[in-house]
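Residue numbers (my numbering), protein chains in the order written: chain A, 1 to 353; chain B, 354 to 689; chain C, 690 to 1029.
Yeah, the Cβ is synthetic: ideal placement off N, Cα and C, and Gly gets one too.
Predicted, not measured: the structure shown is a model, and the values here were computed from it.
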Amino acid sequence: MNYVEVIGSLTAAQGVTGNENDVSKCVMTYFKNYTDEVWRDKAGNVFGKMGEGKPVILVCAHMDEVGMMVTDIEDNGMLRIASVAGVDPRVLPGSDVIIHAKTGKIKAVVGAIPPHLLNSDLALKNAKKAYKMNELVCDTGLCADKVKANVQIGDFVSFAPAKPMELLNNRIAGKTLDDRALVAAEIRVMEILSKRCLGCTVIFCATVQEEKGSLGAALAAWGTAPDVGLAVDVCHATTPGLGEFRSYPIEAITISTGCNIHPRIFEMLRDKADEEHINYEISATMLNTGTDAWDMQIQRAGIRCGLISVPLRYMHTSVECISLDALENCARLMAEFIADFDEDWEEKLCFKD
Amino acid sequence: MINRDMLKNVLETYGPSGHEQRISEVIKGYLNGCCDEIYNDTLGNLIAHKKGTSGKKVMLSAHMDQIGLIAVDIDENGFIRVSNVGGVNPTITIARDVVFENGTKGVVHFETEKKKAGEATLAELFVDIGASSKSEAEKCVNIGDMAVYAAHYTDMGNRISCGAMDNRICCALLITIMQNLKTEHDVYAVFTVQEEVGLRGAGAAAYAIDPDLNINLDVTTCGDMPKAAPMSTGLGRGAAIKVMDSSVIVPECVRRFLVDTAEEKGITYQMEVLRGGGTDTAAVQKTKSGILAGCVSVPTRYIHSPVETIDMRDAENAVALFLAALEKKTRIENRT
Amino acid sequence: MLQRLEELTNLCGVSGDEGSVRAYIKEQAAPYADEMWVDNMGNLFVHKKGNGKKIVVCAHMDEVGMMVRGIRDDGLLVYQAPDIDAGVVVSKRVLIGKNKVPGVIGAKAIHLQTDEEFEKIMPHEKLYIDIGAKDKADAEKHVKKGEYICFDTKFERFGDGLIRAKALDDRTGCAIILEMLKQDYDCDFYAAFTVQEERGLRGASVVAYALEGDLTLIIEGTTANDMPKVPSHKSVTTVGDGAAITIMDARTITLPKMVNALKETAQKHDIPYQMRKGTKGGTDAGVIHKAGKGSITGGISVPCRYIHSTISVCSEQDFVNAFRLADAFIKDKKYEEVLS
């Protein structure tokens, strides 16, 4: 599997939180290369199932991307927008975006109202302050009548896709690597496992609406009632100026431990990584991990969760940066972890008090 | 179509979050005879069921609770200290009259020693019920009792104003919808409890009913007042079809179904994107392995004040939209 | 019961690491249990079979604490403490991990602080745990990243019938429920000892799905702000004034019929009680009552001062009265009035 190619086509598809149709079609096509059992649930989550019997392992990577929505159409046809989830307004001015209108895709740019034109002393004083969403407009270049005929309040707005850029040292940069890169890793794991004999059932899931309270993962976990839930997501890679132990080297994957994580699953992942000589760091937190694992854990009578993350720089921008070596290590670890389950799984996962 | 006497009665009935028994009884009175069964569940949600033949279950919902104040302490001079039930703004609560469940009336004021009204927090407010001692006050009010803004129903023609418009206007709509319903679907009208304190009732009802579709009715804010926060919705522009608020994104297929229905029947509507806020739709959507859920809102000015104001034409449009939508036989599915 | 409270509060059981508390309760409950199991999150369930309504009593096993977030090159530990006021940790002793490695939380000596620094609380980010290690490699021989950290506070009786200990929230509830397990009730009786309550009622989120109880009684340690100059309406509860009955908190409004049933039970048996005045905070009831089809919950608590710090204080009598109230409510079958 060629990561650049798969990530390229996954990130070219649109999938703003709450409107993941385009990207889900793309994911389904890839999933179908390795299994016949591919389906989509009411919420829009995409599933691909391999193997038979117990335990059932649910692997979640989210396919939604941060994006915006049209909130108002001004008299001159310019659009006002709001963040659907996770958008930093400061990265928006000068961005290429796409309006997903009922009648088709419309290209647009985001512009900022120059602060010195806001006609107040305060605005002048604040000239260096960051832009707020309500100071931005989305400009389609179309006349007002055409805009009103095509665009409706509530239409989704996404960042325009661009091919991932290949940087030095097998690193790539691009939009929506959070978390499509990990969906690509899921597909890679399917490729590895399709050549192996499995002692359990594994359900790969590309979830919706992670950026809006992990709705998709919660519903997927309820619907599939797995014995083990494994979330794969991105975490922050080290860049200058971050506090102690809050970020990780871009080349090392992280294995999480803490309240969100079942202690035995953490140990299994850690031991497997040691065995496979995988470069990893431990990420320890008592708090919400901010991933699909958090909501998965409390579905039904409780689900044992694990979490592997791949460090990523510049999260929620159009130039997110990740190491393909780390991504491959993540895929290897997932595959070996899943392949390790057999009939004595229940004993392995008992609490040792 | 909406009976104003019924609306007035529903608006004026006491029912803060967790204490919805009275309002539940009043609503029940209007539904007798137009449904096959009617009952309260454990949490107090009122559920009116009208059987159908299509094999599809539709849950319509509107929360019946209102915001209020809860008595937490009574001092030796008979002043009652309060805390909030739901999103109460202390500033606009000062100098208001309130009423407890047993009819005890009171007025709200604040510790004037150090502060101006705009600076006072809820802990610096108190209710004066006219008692001159603790023991006298305790004859009327106990710790844990709740008060609500006294209702002042103001009819301004097309527009009306009252406290508890959030969300009794929608209770009145749902009553009207049930009274005029023509459908082949199994319909459950759910008047939910405890929405104002965090969408606590709707999920339990949805869990038990397990509907194929839920459409909720609630109020939403307006942007058409002088210097209001930007918001596309306004009074008199029709029923608002929700796209998103801070709690939920309505699935495309559900909002498309509502928009198409409105356009087919020539019903005036507007789209709603709310930057903040939350509604029962979110709780229903997250139930079990997911329930398709949408929301129609009645645009309302001055939400969570004693003068919440709506336009009856928007409300009538919302009723028309629901009746038309339920008459349809279309299956709603989330397809790629 | 007091003996058990002593043993329970001396155990370490930070949210996510409740193993030793669970093991203790398992051992104590075993003689009275018809069945007992631990779920996927670590919640412990004890079942005493019976006829009639399914009644659940619930207390959480976890306590506030800290976690090792990383080890610095100089051997000092960086920690995380989401539930603890940074103002109470300086100059305290802690125990780290399964091996209870002792450590201290120090701070820059006051002689070296600027006037400005002296006026402010030191944030957790500027504080470190010192275990005496020479450097990172030395520290790693004893302590691992991700290990849990607990305050080193021992149970003591003091003052006029008071108790000082850590984790009174909610080992008081655990001790009360262990005592209830010894009683005979005419109902299908479940005890749920939950995990991760302090992390946002995480363990209890799955309890209702597993048990589908008709009524759940939460036994808690709750805030008592009965300090000088705090006006009565901000005190929440008062130590020594009796078991506290919950009306409303940030996560639950107790149904009026449930509040009345508890009040009437207390009055009938002359059990001293007070109404919990605060509307902040939350207990496991917050997620239990609205789970599934919804169920009735009620709350009885033991007032505790200085909750969520290294040392908290409660009254022996309040503790006993909380037990008496919970016990009488179930023995009298008072729940039947609430459930009818």
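Can you tell me whether residue i is helix, strand or coil according to DSSP?
{"i": "H236 (chain A)", "result": "strand"}
{"i": "K468 (chain B)", "result": "coil"}
{"i": "C187 (chain A)", "result": "With the sequence shown as reference, residue 187 (chain A) is identified as Ile, and Cys is not the correct amino acid for it. Helix at I187 (chain A)."}
{"i": "M286 (chain A)", "result": "coil"}
{"i": "M417 (chain B)", "result": "coil"}
{"i": "G154 (chain A)", "result": "coil"}
{"i": "I355 (chain B)", "result": "coil"}
{"i": "D172 (chain A)", "result": "Before going on, a small fix: residue 172 (chain A) reads as Ile here, not Asp. Strand at I172 (chain A)."}
{"i": "M78 (chain A)", "result": "coil"}
{"i": "N329 (chain A)", "result": "helix"}
{"i": "L142 (chain A)", "result": "coil"}
{"i": "I936 (chain C)", "result": "coil"}
Would you say residue i and residue j are within 9 Å of each other, going by their C-beta atoms?
{"i": "I81 (chain A)", "j": "V110 (chain A)", "result": "yes"}
{"i": "E186 (chain A)", "j": "V232 (chain A)", "result": "yes"}
{"i": "K54 (chain A)", "j": "D227 (chain A)", "result": "yes"}
{"i": "E605 (chain B)", "j": "V438 (chain B)", "result": "no"}
{"i": "F1008 (chain C)", "j": "A881 (chain C)", "result": "no"}
{"i": "Y560 (chain B)", "j": "E365 (chain B)", "result": "no"}
{"i": "A503 (chain B)", "j": "V441 (chain B)", "result": "no"}
{"i": "D873 (chain C)", "j": "G741 (chain C)", "result": "no"}
{"i": "T861 (chain C)", "j": "G929 (chain C)", "result": "no"}
{"i": "A220 (chain A)", "j": "M296 (chain A)", "result": "yes"}
{"i": "R159 (chain A)", "j": "E65 (chain A)", "result": "The displayed chain sequence assigns Phe, not Arg, to residue 159 (chain A). Going by C-beta atoms, F159 (chain A) is nearer than 9 Å to E65 (chain A)."}
{"i": "K737 (chain C)", "j": "D723 (chain C)", "result": "yes"}
{"i": "T653 (chain B)", "j": "T574 (chain B)", "result": "yes"}
{"i": "I663 (chain B)", "j": "V84 (chain A)", "result": "no"}
{"i": "I380 (chain B)", "j": "D519 (chain B)", "result": "no"}
{"i": "V651 (chain B)", "j": "C523 (chain B)", "result": "yes"}
Closer than 9 Å, CB to CB, is residue i near chain A or not?
{"i": "M690 (chain C)", "result": "no"}
{"i": "T689 (chain B)", "result": "Model confidence at T689 (chain B) stands at a pLDDT of 47, short of 50, so the residue's coordinates are unreliable; what they give is reported in the following sentence. Yes, because at least one Cβ of chain A sits closer than 9 Å to the Cβ of T689 (chain B)."}
{"i": "D728 (chain C)", "result": "yes"}
Cα-Cα, which of the options is closest to residue i?
{"i": "I376 (chain B)", "options": "B:Y383, B:V363 and B:C387", "result": "B:V363"}
{"i": "T842 (chain C)", "options": "C:G835, C:G792 and C:I810", "result": "C:G792"}
{"i": "A678 (chain B)", "options": "B:H372, B:C493 and B:G619", "result": "B:G619"}
{"i": "H657 (chain B)", "options": "B:L422, B:Y392 and B:K381", "result": "B:L422"}
{"i": "C138 (chain A)", "options": "A:P311, A:I73 and A:K212", "result": "A:I73"}
{"i": "A646 (chain B)", "options": "B:G497, B:A555 and B:P652", "result": "B:A555"}
{"i": "V757 (chain C)", "options": "A:E244, A:G199 and A:A237", "result": "A:E244"}
{"i": "P992 (chain C)", "options": "C:A1017, C:R693, C:R853 and C:N732", "result": "C:R853"}
{"i": "A162 (chain A)", "options": "A:E20, A:V319, A:S323 and A:A284", "result": "A:V319"}
{"i": "Y314 (chain A)", "options": "A:G223, A:E347, A:T224 and A:V91", "result": "A:V91"}
{"i": "I433 (chain B)", "options": "B:N495, B:M531 and B:D418", "result": "B:N495"}
{"i": "G397 (chain B)", "options": "C:G705, C:I985 and C:Q1006", "result": "C:I985"}
Comparing the C-beta of residue i with each C-beta of chain C, is any distance below 9 Å?
{"i": "F266 (chain A)", "result": "yes"}
{"i": "D577 (chain B)", "result": "no"}
{"i": "V651 (chain B)", "result": "no"}
{"i": "T457 (chain B)", "result": "no"}
Taking the continuous beta strand (DSSP E) assigned at residue i, which residues delimit it?
{"i": "K403 (chain B)", "result": "L399 to K403"}
{"i": "R758 (chain C)", "result": "M755 to I760"}
{"i": "I530 (chain B)", "result": "Careful: I530 (chain B) lies outside any beta strand (DSSP E), inside the alpha helix (DSSP H) at M518 to N533."}
Comparing the CB of residue i with every heavy atom of the ligand SAH, is any distance shorter than 8 Å?
{"i": "E696 (chain C)", "result": "As for the ligand SAH, it is missing from this structure, which has no ligand bound."}
Under 9 Å between C-beta atoms, does residue i make it to chain B?
{"i": "R693 (chain C)", "result": "no"}
{"i": "T943 (chain C)", "result": "yes"}
{"i": "T968 (chain C)", "result": "yes"}
{"i": "G141 (chain A)", "result": "no"}
{"i": "M78 (chain A)", "result": "no"}
{"i": "A980 (chain C)", "result": "yes"}
Could you give the residue range of the alpha helix (DSSP H) that holds residue i?
{"i": "Y314 (chain A)", "result": "Where Y314 (chain A) is concerned, there is no enclosing alpha helix (DSSP H), given that its DSSP letter is neither H nor E."}
{"i": "F381 (chain B)", "result": "Here residue 381 (chain B) is Lys; the residue named in the question, Phe, does not match the sequence. That run of the alpha helix (DSSP H) goes Q374 to L384."}
Residues of the segment 612–633 of chain B with Cβ closer than 9 Å to any Cβ of chain E, in chain order: The chain labelled as chain E is not found among the protein chains of the depicted structure, namely A, B and C.
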